[in-house]
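As you go down the protein sequences, you meet chains A and B in turn.
Here our numbering is used: the first residue of the first sequence is 75, the next is one more, and so on.
Here our numbering is used: the first residue of the second sequence is 75, the next is one more, and so on.
Note that beta-carbon positions come from the ideal geometry of N, C-alpha and C, so glycine has one too.
Protein chains: 2
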Amino acid sequence: MKIAIAQLNPTVGHLDANAEDIRQALDKADAAGADLLITPELALCGYPPKDLLENPNFIRDTLAMQKQLSEETHKTPFILGGIASEQSDPLRPGQHIFNAALVFDAGEIKACHRKILLPNYDVFDEARYFSAGQGPTLYTVKGENIGITICEDIWNDKTYWSSGDYDTNPVQESIDAGATCIVNLSASPFGRGKHKTRTQMLEELSRQHQVPLIYVNQVGGNDGLIFDGRSMVVATSGEKSFMAPAFKSDVFITETTSTTCVDDESATWNEDRDVREALILGVRDYVRKCGFKKVVLGLSGGIDSTITAAIAVAAVGPENVIGIGMPSEYSSQGSIDDAKELATRLGIRFDMIPIQEIFAAFNQSLSSAFSDFPPDVTEENLQARIRGSLLMAYSNKFGALLLTTGNKSECAVGYCTLYGDMCGGLAVISDLYKTEVYDLCRDWNSAANPPIPETCIEKPPSAELRPDQKDEDSLPPYDVLDGILRAYIDELDESENIIRKGYSAELVHQVINMVIMTEYKRRQMPPGLKVSAKAFGEGRRLPIAQAYRPKSAP
Amino acid sequence: MKIAIAQLNPTVGHLDANAEDIRQALDKADAAGADLLITPELALCGYPPKDLLENPNFIRDTLAMQKQLSEETHKTPFILGGIASEQSDPLRPGQHIFNAALVFDAGEIKACHRKILLPNYDVFDEARYFSAGQGPTLYTVKGENIGITICEDIWNDKTYWSSGDYDTNPVQESIDAGATCIVNLSASPFGRGKHKTRTQMLEELSRQHQVPLIYVNQVGGNDGLIFDGRSMVVATSGEKSFMAPAFKSDVFITETTSTTCVDDESATWNEDRDVREALILGVRDYVRKCGFKKVVLGLSGGIDSTITAAIAVAAVGPENVIGIGMPSEYSSQGSIDDAKELATRLGIRFDMIPIQEIFAAFNQSLSSAFSDFPPDVTEENLQARIRGSLLMAYSNKFGALLLTTGNKSECAVGYCTLYGDMCGGLAVISDLYKTEVYDLCRDWNSAANPPIPETCIEKPPSAELRPDQKDEDSLPPYDVLDGILRAYIDELDESENIIRKGYSAELVHQVINMVIMTEYKRRQMPPGLKVSAKAFGEGRRLPIAQAYRPKSAP
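The following block contains the structure:
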């Protein structure tokens, strides 16, 4: 069977443009003589549409556009990731909405699979929007009985996932109903190392059921989520026989019967490279899909703004990146030089706006109100907020999206200023711990044309908001801090287990307390690009006015 | 049967303090010789605990504290809103977590009802955390067979809610199993006019099944949600026989057999008064539960900051409120006078920090970068951001929580500055449309000691960010704007229906477009107090990088 895999990059809600992409994919499939084209999950409306699904206009327009697509003449039958009602004609509006895979062939709707397993954890809210489908859906092409599944439907194999949380196994149900091949339409977000797990799981499923498996994944960034594509075919032998490239949108023609797999370059990337490419795509798509061309960011000479600038240049080109240096009296000459050197290496515009005079004007205006109080964190924050205001002025004046440069360690413990360095439309590295930022920089610099000035990597990190300040004056060393944070945030580990890993109980409780006390800042963060299993933002929802602190184990 | 209704105000996660409140309630019930005490839903851990429920320490500590409470000796049996596992001993940790009502009597667990209907819409994410219980739970006290239900369990009566979305009706199941009385543990958030609907529904349920109904609701603010209390008993006659006061925490002893109902003062409040009292409690609890005593806010002389200041004074007392006037060259003398007059009426500290010199320093620093560009929205935003930075400096220096003063109309269409007037820890009136703000002010001023200077109500609204600016230069008149916004946001109405109400199609699409384009600002808003059916924030989740615009009807 000749399959056309449409690894599409839809913009959420852009029905016209997304439909056009689907038509172009069908034209290619027609030209290649494919037997079947498959799109990702919700390919027409884009994933995740979130509360657009509560907008009656959106439902009506999406159903209407699906109907239009179903009636257009293409040689190739296709499975469209879309929405459906409970009606016998799934495109007729009803009471309920399903996440669906619709088989269109020669102007007719041949089948409709309604997603059975609805993920409702982390960033996923599908139970909020969709009713759950029931039972398998088969569709026959060239003698193959295709069992149609959607994303989560295949993530419940008890032999692979011991903690499988669902009562039904749609893959098993499809096989029991006679499927000789499993197709999966997905919108499965990128995560560090996740594509290896995904490949193993798909290979295991194929081996277990002795059927080929065709997995079609969305590609592109939609807000904080990045989809890596890497659509895949697993032959009956249980081995991957085709993998589409990571982070690229295209139509790929492949055979279910092929047994040798030649991967593209992206298969050889290490995890740091993988994360870097994910972030580049995430920035590029957010900028583009929000209607921007240019970005602006502050360049302090520190490692965080440095790597953010390098990612921005790779995403939108040096001609579209503006870097601003905003030194104060506490800025070291070394940092200023590093920022200049970076701008030169990257070939971007670099403006310098010293902040001393604005800072003096603030202090003067506040002098009578604050006369009885010594300088404290107020004045440190004020410097960060002056910088935030200057960056936003650039953003306003030049129509450039401001990129936020904070890392996950500082977002976690609050070593950042709300309305200061937290300003921006997109947080690029907010899901990378500080130690991961260094790893990414070293990996990137090991390639040709190293973008990161070596001194940025070597010097001790400092916020430079008071004389001779170093991060380690206020925080534990980053390898210790990140170890505790990863266990607490990403792994949801019990505090006793974290202590058992060799950290002092006092430090563990102190770090956890800092994370809890910083919740109010994170609530007002811009969306951040998610590259880990647990990122700050919509996938982590905590109350602010709360008093829970872990007790010691009984 | 003599019932003790513990209308509690828990702080989320404050297990020790919440347990102590429960013990004190039990002491009162013991002293009054009550037959049964009932707490609200999740009374020990507080509602909503959100992702604390994914923290293994939190689950363990909550279960342990519930066990401790179950073993303490009280005369009065009690039904505790808590969590439970799937184990036969519901306090033994298991694989799943249920939202539960546990009956404790003389050191034993007599029954455990696991919530059957889990709300997963608007601000509710219960399917994210809880497994759904099955079947009714009865417990007998003094010959009454009590059918135990939790919040949403009773909100699915098809005779009352035609759109009932669930397949099961736990009330009917309880009655079928022989219940002679229904108890409901709730954490049902306040909404404008909602308590009337709630009363009617409970009366209807009681009439239909010919049983008395005891409804125990949480009181207090937890982040953006405000719980109004108003716990209730409905006699078999189908009429309310007792209602606890709104917005007050206490233990109320009542009889299920009483037939006359004497309401307290809160029953006579009109909706504006009701909303005002809700906001006052919301501010008081957020400030207190976040560990603050003082608040600070900017006073422009405009209606929004004026009512916010009045609410703040009612919430935390005039001695804990700092108002800051920050006039620019565009500020009218009238507005400055109004702000001073307000501060005098409220008896609060009022500082004046003119912003011209700071603004001049910014302009000077940016002059070479911006020399080729005329002044535009950049400079307007800069003024707002200077004010935001000054307010945050006060917040930092004096440890005072900054209150945000934006209303729902401006949050909707973006007539506000991110990192400027949107700064703050809590948005007090972000769920009130501008016309509703005026209504609240007029209502408040109709009482003794009117807090709002009349000129604030009478003058045309202006942001005063450029010469002679008026809101209506940029926006439609507020009654028109609010009419469109309410239909689009609160009622999720189709655009054609909104146009059919008499608004021009062009204006409707223009307003909808402004709402969509402002999503990025709202994503970074502080939590806002919810008083409508659809508030901005966690109950309204939209993508930012999206391109959907309603098409014209087919």
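Given residue i as reference, the closest of the options once Cα atoms are compared
| i | options | result |
| --- | --- | --- |
| residue 604 of chain B | B/482, B/488, B/316 | B/482 |
| residue 240 of chain A | A/226, A/252, A/248 | A/226 |
| residue 527 of chain B | B/409, B/613, B/575, B/184 | B/409 |
| residue 565 of chain A | B/419, B/488, B/129, B/146 | B/129 |
| residue 553 of chain A | A/530, A/525, A/585, A/509 | A/509 |
| residue 622 of chain B | A/431, A/434, A/90, A/371 | A/90 |
| residue 252 of chain A | A/539, A/491, A/242, A/214 | A/214 |
| residue 511 of chain A | A/384, A/416, A/415, A/425 | A/384 |
| residue 303 of chain A | A/504, A/264, A/242 | A/264 |
| residue 478 of chain A | A/254, A/293, A/381, A/158 | A/381 |
| residue 343 of chain B | B/507, B/184, B/517, B/211 | B/517 |
| residue 493 of chain A | A/314, A/372, A/461, A/206 | A/461 |
| residue 430 of chain A | A/442, A/521, A/520, A/540 | A/540 |
| residue 195 of chain A | B/204, B/286, B/212, B/183 | B/204 |
| residue 365 of chain A | A/473, A/374, A/163 | A/473 |
| residue 352 of chain A | A/395, A/301, A/329 | A/301 |
| residue 185 of chain B | B/222, B/172, B/86 | B/222 |
| residue 592 of chain B | B/582, B/618, B/545, B/581 | B/618 |
| residue 113 of chain A | A/135, A/126, A/176 | A/176 |
| residue 445 of chain A | B/435, B/86, B/468, B/400 | B/468 |
| residue 519 of chain A | A/135, A/346, A/290, A/92 | A/346 |
| residue 606 of chain B | B/216, B/212, B/86, B/559 | B/559 |
| residue 389 of chain A | A/370, A/403, A/401, A/404 | A/370 |
| residue 125 of chain B | B/193, B/439, B/100, B/202 | B/202 |
| residue 312 of chain B | B/329, B/614, B/321, B/333 | B/333 |
Whole-angstrom C-beta distance between residue j and residue i, which should lie under 8 Å
| i | j | result |
| --- | --- | --- |
| residue 514 of chain A | residue 350 of chain A | 6 Å |
| residue 459 of chain B | residue 306 of chain A | Actually they do not touch by this definition, with Cβ atoms about 48 Å apart. |
| residue 288 of chain A | residue 257 of chain A | 5 Å |
| residue 422 of chain A | residue 398 of chain A | Rounded, the Cβ-Cβ distance is 11 Å, inconsistent with contact. |
| residue 323 of chain A | residue 81 of chain A | 6 Å |
| residue 83 of chain A | residue 294 of chain A | 3 Å |
| residue 684 of chain B | residue 355 of chain B | Given that chain B is displayed from residue 75 to residue 628, the structure contains no residue 684 of chain B and the question cannot be resolved. |
| residue 93 of chain B | residue 150 of chain B | Not really, about 16 Å apart at Cβ, beyond 8 Å. |
Residues bridged to residue i [DSSP beta-bridge criterion]
| i | result |
| --- | --- |
| residue 329 of chain A | A/76 |
| residue 187 of chain A | A/175 |
| residue 423 of chain B | B/396 |
| residue 221 of chain B | B/212, B/256 |
| residue 500 of chain B | B/477 |
| residue 605 of chain B | According to DSSP, residue 605 of chain B bridges with nothing at all. |
| residue 320 of chain A | A/303 |
| residue 589 of chain A | For residue 589 of chain A, which the question treats as bridged, DSSP gives no partner whatsoever. |
| residue 182 of chain A | A/179 |
| residue 86 of chain A | B/620 |
| residue 81 of chain B | B/324 |
Residues within the region 457–471 of chain A neighbouring chain B, beta-carbon criterion of under 9 Å: Cβ proximity to chain B below 9 Å picks out 459, 460, 462, 463, 464, 466, 467, 468, 469, 470, 471 from the region 457–471 of chain A.
Selection of the region 88–108 of chain A by Cβ proximity to chain B, strictly under 8 Å: Cβ contacts with chain B come from 88, 89, 91.
Chain-ordered residues of the region 604–619 of chain A with a beta carbon less than 8 Å from chain B: Listed by position, the residues of the region 604–619 of chain A near chain B (Cβ gap below 8 Å) are 612, 614, 615, 616, 617, 618, 619.
3-residue-minimum beta strand (DSSP E) runs that sit fully inside the region 102–170 of chain B, ordered along the chain: Complete beta strand (DSSP E) runs here, min 3: 110–112, 152–158.
Against chain A: residues of the region 411–436 of chain B by CB proximity under 9 Å: 425, 427, 428, 429, 431, 432, 433, 434, 435, 436: these are the residues of the region 411–436 of chain B whose beta carbon lies less than 9 Å from some beta carbon of chain A, given in chain order.
Unbroken stretches of the alpha helix (DSSP H), 4 residues or longer, contained in the region 332–418 of chain B: Correct list: 345–363, 377–390.
Contiguous alpha helix (DSSP H) assignments of at least 4 residues, all confined to the region 506–532 of chain B: The qualifying runs are 508–519, 528–532.
Near-chain A residues of the region 487–500 of chain B (beta-carbon distance less than 7 Å), N- to C-terminal order: Contacts with chain A (Cβ-Cβ distance below 7 Å) from the region 487–500 of chain B involve 493, 497, 499, listed in chain order.
Secondary structure, alpha helix (DSSP H): runs of 4+ residues fully inside the region 242–316 of chain A: Qualifying alpha helix (DSSP H) stretches, in chain order: 244–250, 268–283.
Chain B contacts from the region 362–379 of chain A (Cβ-Cβ distance under 7 Å): Per Cβ criterion, the list reads 363, 364.
Selection of the region 127–145 of chain A by Cβ proximity to chain B, strictly under 8 Å: Among the residues of the region 127–145 of chain A, those with a Cβ less than 8 Å away from any Cβ of chain B are 128, 129, 130, 131, 132, 134, 135, 138, in the order of the chain.
Near-chain A residues of the region 180–197 of chain B - C-beta to any C-beta below 7 Å: Taking 7 Å as the upper bound on Cβ-Cβ separation, chain A lies near residues 194, 195 of the region 180–197 of chain B.
Residues of the region 280–298 of chain A whose Cβ lies closer than 7 Å to any Cβ of chain B, in chain order: Listed by position along the chain: 296, 297.
Under 8 Å (Cβ pairs) to chain A, residues found in the region 148–178 of chain B: Hits within the stretch: zero.
Whole runs of the alpha helix (DSSP H) within the region 426–493 of chain A, excluding any shorter than 4 residues: Correct list: 430–444, 451–472, 482–487.
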